[in-house]
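Visitor: Take a look at the following structure, please.
Numbering (our numbering), first residue to last: 554 to 1156.
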């Protein structure tokens, strides 16, 4: 174990804060949070979200930053120091960080692919390609939409189901290799190089978001989008799913339980004000989600307004071709009145036209979640904006920066524990270890470049990024408060900051935070057990093409899902059992207050 004085240090406080903010603020702030606001009552969703932030997110964030700074170790060293029986918590954080790195950088590769295509004129997702004979447009694209076709066919070349693997998509393989090369270059000197890169990767998204916000607020229909986002539907708060989603969103958004924040804080000077840092990082993260939502929904309102106008124009054309309108033409302004007049005069003839229902609320409800929001809905909206290429480039530069800064924390949560476990040969420099981890990660990530890759990415995102974090965080707060000792932890904070944690922090650590984690975990398991896991499959032959259809996961895939949910947290009981056996064989009675080296050895 390296001595504290030999441990790397941040060049300044700004680099540390930007690294923590970049780790916490990711692509989920741009596409996950706005979607949850939309489906869970708009402004009403902010109530459970803020409650989860105050009583769950901030206390856990403060705890990780404080314990890492005090013990000046990574996730392995911290939990072994607290108790050898908790050594598995650090290993679990490392495993989770590694698994998240695999699929998260694959999303960055998708972003890179769209960024490269953003320079095309016209944008490739704005029109359908011609068939091989170059005489007519591709019918699959025509029946779908150009943005759907570009995403599902030309980007993913997606297979009809998860059991059909398909081949490696060479363009995604190249983008994935590039993404890992960029991460490696930024990581080659550890925090020395990360600290310089975050000045760009963290600040650039805010510049782009501000540019988008100014432009989006001037678009027609922006007001409709904002009203749709912030109009509260209070009755939705009666649903347990709203509270469950709010708790998990704030928890995962802050990136606690990854181990990366503990490592970042361990590079701080011992007297750093970690309480202030936790509040700043937590509030900036949530404010970014709201800030991004305003821009996103302004643009989605613009898209809905365009669809609404096109819908009415299509109906007007159909009415004009069917009836002799006379001197008074049908326009967008008098459409409703003229349609009522025609309905009262020729109701049967109007009914035969099968006019499309034009409701702007319906078009606003059509926005998608997850990757669909960025790669389908948002790209459709960008097409209709003047100077669409510029906006597309800016949007995907922003997503690339967000993804890259988050990857720094994820990868640090893997590399530092490997060094602390002493499994790396002493002669191996850090740059070589980083290269090996990046190459191994790239090779495993190739599964996400298959035709079925999107299905597997959704599995990793849904199951690796859910239950394991809840369990790890629960053992973290219990380990610090009830094993390390709240009084001892409070004295450590006093030593670092000159003040002891107030009653709010102590109450959260003692009761509220672990109780909320336990409730969320039980609720999540209950929801998952109530139904067989299923996924949306893109099927060109579906009767309602181009809509996707829901399919249950095959049994062998379900087994992998269970494995991905259990494997990351398996080290927690296994290491505790191993320690218990060691203590029994050595005839030692373990006491958490003893130094680590006196309690049954290291992990």
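Just so you know, even glycine gets a beta-carbon here, dropped at the ideal spot from N, CA and C.
#1: Could you check the C-alpha separation between residue 1117 and residue 1128 for me, to the nearest Å?
#2: Where DSSP assigns a beta bridge to residue 926, which residues make up the other side?
#3: Would you report the Cα separation of residue 709 and residue 745, rounded to the nearest angstrom?
#4: Going by the DSSP bridge assignment, what does residue 1104 pair with across the sheet?
#5: Leaving out the 5 sequence neighbours to the left and right, which residues in its chain are closer than 6 Å to residue 638 when beta-carbon positions are compared?
#6: What residue range is occupied by the uninterrupted alpha helix (DSSP H) comprising residue 705?
#7: Going straight from the alpha carbon of residue 794 to that of residue 1079, what length do you get?
#8: From residue 632 to residue 1077, what does the alpha carbon distance come to, in whole angstroms?
#9: Does the contact criterion of 3 or more C-beta pairs under 8 Å hold for the stretch 690-700 versus the stretch 718-735?
#10: Measuring straight from C-alpha to C-alpha, what distance separates residue 852 and residue 796?
#11: Mind reading off the beta-carbon distance from residue 672 to residue 946? Whole number of angstroms is fine, and I expect it under 8 Å.
#12: Would you tell me roughly how many angstroms separate the C-alpha atoms of residue 643 and residue 1029, rounded to the nearest one?
#13: Taking residue 960 as part of the alpha helix (DSSP H), name the residues at either end of that continuous run.
#14: Per the contact definition of three or more C-beta pairs closer than 8 Å, is the stretch 756-768 in contact with the stretch 984-1002?
#15: Residue 705 to residue 727, Cα distance in whole Å?
#16: Pairs of beta-carbons, one from the stretch 833-853 and one from the stretch 578-588, closer than 8 Å: are there three or more?
#17: Beta carbon of residue 627, beta carbon of residue 748: below 8 Å?
#18: Quickly, what does DSSP pair residue 603 with across the bridge? List them, please.
#19: In the DSSP assignment, the alpha helix (DSSP H) including residue 613 goes from what residue to what residue?
#20: Using the Cβ count rule (16 or more neighbours within 10 Å means buried), how would you classify residue 1057?
#21: In terms of residue numbering, what span does the alpha helix (DSSP H) encompassing residue 1036 cover?
#22: Based on the DSSP output, what are the partners of residue 690 in its beta bridges?
#23: Can you tell which of 1061, 738 and 781 has its C-alpha closest to the C-alpha of residue 613?
#24: In terms of alpha-carbon separation, which member of 1103, 1109, 868 and 964 lies closest to residue 741?
#25: Judging by CA-CA distance, which residue of 954, 958 and 984 is the nearest neighbour of residue 968?
#26: What residue does the alpha helix (DSSP H) around residue 867 start on, and which one ends it?
#27: By Cβ distance, which residues of its chain are closer than 8 Å to residue 976, with the 5 residues on each side in sequence left out?
#28: Is DSSP giving residue 593 helix, strand or coil here?
#29: For residue 820, which of helix, strand or coil comes out of DSSP?
#30: Do residue 602 and residue 802 come within 8 Å of each other at the CB atom, strictly closer than that value?
#31: Could you tell me if residue 608 is buried or exposed, where buried requires 16 or more neighbouring beta carbons within 10 angstroms of its beta carbon?
#32: Taking residue 563 and residue 824 to be in contact with their CB atoms under 8 Å, please state how far apart those CB atoms are, rounded to whole angstroms.
#33: List the whole-angstrom C-beta distance separating residue 930 from residue 948, where the pair is believed to meet the contact cut-off of C-beta under 8 Å.
#34: Grab the span of the alpha helix (DSSP H) containing residue 937 for me, first residue to last.
#35: With a 10 Å radius around its C-beta and 16 neighbouring C-beta atoms as the bar for buried, classify residue 1096 as buried or exposed.
#36: Compute the beta-carbon to beta-carbon distance between residue 942 and residue 676, rounded to the nearest angstrom, for a pair I have assumed lies under 8 Å.
Guide: Walking through what the data contain:
#1: The count along the chain shown starts at 1 and reaches residue 1117 at position 564. The count along the chain shown starts at 1 and reaches residue 1128 at position 575. Spanning the two alpha carbons is a distance of roughly 19 Å.
#2: The residue you call residue 926 lines up with position 373 of the chain shown. Per DSSP, none; premise fails for residue 926.
#3: Numbered from its first residue, the chain shown carries residue 709 at position 156. Numbered from its first residue, the chain shown carries residue 745 at position 192. Distance between the alpha carbons of residue 709 and residue 745 is about 36 Å.
#4: In the chain shown, residue 1104 corresponds to position 551, counting from 1. Partner(s): 1088.
#5: The residue you call residue 638 lines up with position 85 of the chain shown. The answer, listed in chain order, is 1129 and 1132.
#6: Residue mapping note: residue 705 aligns to position 152 of the chain shown, counting from 1. Neither: residue 705 is in no alpha helix (DSSP H) and is coded neither H nor E.
#7: Reading the chain shown from its first residue, position 241 is the one you call residue 794. Reading the chain shown from its first residue, position 526 is the one you call residue 1079. Those two C-alpha atoms are separated by around 11 Å.
#8: To locate residue 632, count along the chain shown from 1; it is residue 79. To locate residue 1077, count along the chain shown from 1; it is residue 524. Near 26 Å, if we compare the C-alpha coordinates of residue 1077 and residue 632.
#9: no
#10: Your numbering for residue 852 matches position 299 in the chain shown. Your numbering for residue 796 matches position 243 in the chain shown. Straight-line Cα distance between these residues: approximately 27 Å.
#11: Counting from one through the chain shown, the residue named residue 672 turns up at place 119. Counting from one through the chain shown, the residue named residue 946 turns up at place 393. That pair is a contact at about 7 Å.
#12: Looking up residue 643 in the chain shown gives position 90. Looking up residue 1029 in the chain shown gives position 476. Roughly 9 Å separates the two Cα atoms.
#13: Position 407 of the chain shown, counting from 1, holds the residue named residue 960. Taken as a continuous stretch (DSSP letters only), the alpha helix (DSSP H) holding residue 960 covers 941-973.
#14: no
#15: Residue mapping note: residue 705 aligns to position 152 of the chain shown, counting from 1. Residue mapping note: residue 727 aligns to position 174 of the chain shown, counting from 1. Answer to the nearest angstrom: the Cα atoms are 18 Å apart.
#16: yes
#17: Position 74 of the chain shown, counted from the first residue, corresponds to residue 627. Position 195 of the chain shown, counted from the first residue, corresponds to residue 748. In this structure, residue 748 does not lie closer than 8 Å to residue 627 by Cβ.
#18: Residue numbering aside, residue 603 sits at position 50 when the chain shown is read from its first letter. Bridge partners of residue 603: none, in fact.
#19: For the purposes of this step, residue 613 is taken as residue 60 along the chain shown, with counting starting at 1. Element bounds for residue 613: 611-624.
#20: Within the chain shown, the letter at position 504 stands for residue 1057. Residue 1057 comes out exposed.
#21: As a position in the chain shown, residue 1036 is number 483, starting the count at 1. It is not in any alpha helix (DSSP H) - residue 1036 carries neither H nor E in the DSSP assignment.
#22: Taking the chain shown and counting its residues from 1, the one referred to as residue 690 is at position 137. Its beta-bridge partners are 683.
#23: Translated into the one-based positions of the chain shown, residue 613 becomes position 60. The shortest C-alpha separation from residue 613 is found at 1061.
#24: In the chain shown, the residue the question calls residue 741 occupies position 188. Ranking the options by Cα distance to residue 741, first place goes to 964.
#25: As a first step, residue 968 is located in the chain shown; it is residue number 415 there, counting from the start. Closest option to residue 968, Cα to Cα, is 984.
#26: Counted from its first residue, the chain shown places residue 867 at position 314. Counting along the chain, the alpha helix (DSSP H) containing residue 867 begins and ends at 827-875.
#27: Here residue 976 refers to the residue found at position 423 when the chain shown is read from its first residue. Answer for residue 976: no residue qualifies.
#28: On the chain shown, residue 593 is found 40 positions in, with the first residue counted as 1. If DSSP states are grouped into helix, strand and coil, residue 593 belongs with coil.
#29: Numbered from 1 along the chain shown, position 267 holds the residue referred to as residue 820. If DSSP states are grouped into helix, strand and coil, residue 820 belongs with coil.
#30: Here the question's residue 802 lines up with position 249 in the chain shown. Here the question's residue 602 lines up with position 49 in the chain shown. Yes, they are a contact pair.
#31: Counting from 1 along the chain shown, the entry for residue 608 is found at position 55. Residue 608 should be labelled buried.
#32: Against the chain shown, residue 563 aligns to sequence position 10. Against the chain shown, residue 824 aligns to sequence position 271. Between residue 824 and residue 563 the Cβ distance is about 14 Å, and since that is not below 8 Å, they are no contact.
#33: Indexing the chain shown from 1 puts residue 930 at position 377. Indexing the chain shown from 1 puts residue 948 at position 395. Actually they do not touch by this definition, with Cβ atoms about 12 Å apart.
#34: Here residue 937 refers to the residue found at position 384 of the chain shown. Unbroken run through residue 937: none, as it is neither H nor E.
#35: Position 543 of the chain shown holds residue 1096. Residue placement at residue 1096 is flagged as unreliable, the pLDDT there being 45, under the threshold of 50; the coordinate-derived value follows with that caveat. Answer is exposed; the Cβ neighbour count stays below 16.
#36: In the chain shown, the residue the question calls residue 942 occupies position 389. In the chain shown, the residue the question calls residue 676 occupies position 123. Residue 942 to residue 676, Cβ: 6 Å. Contact.
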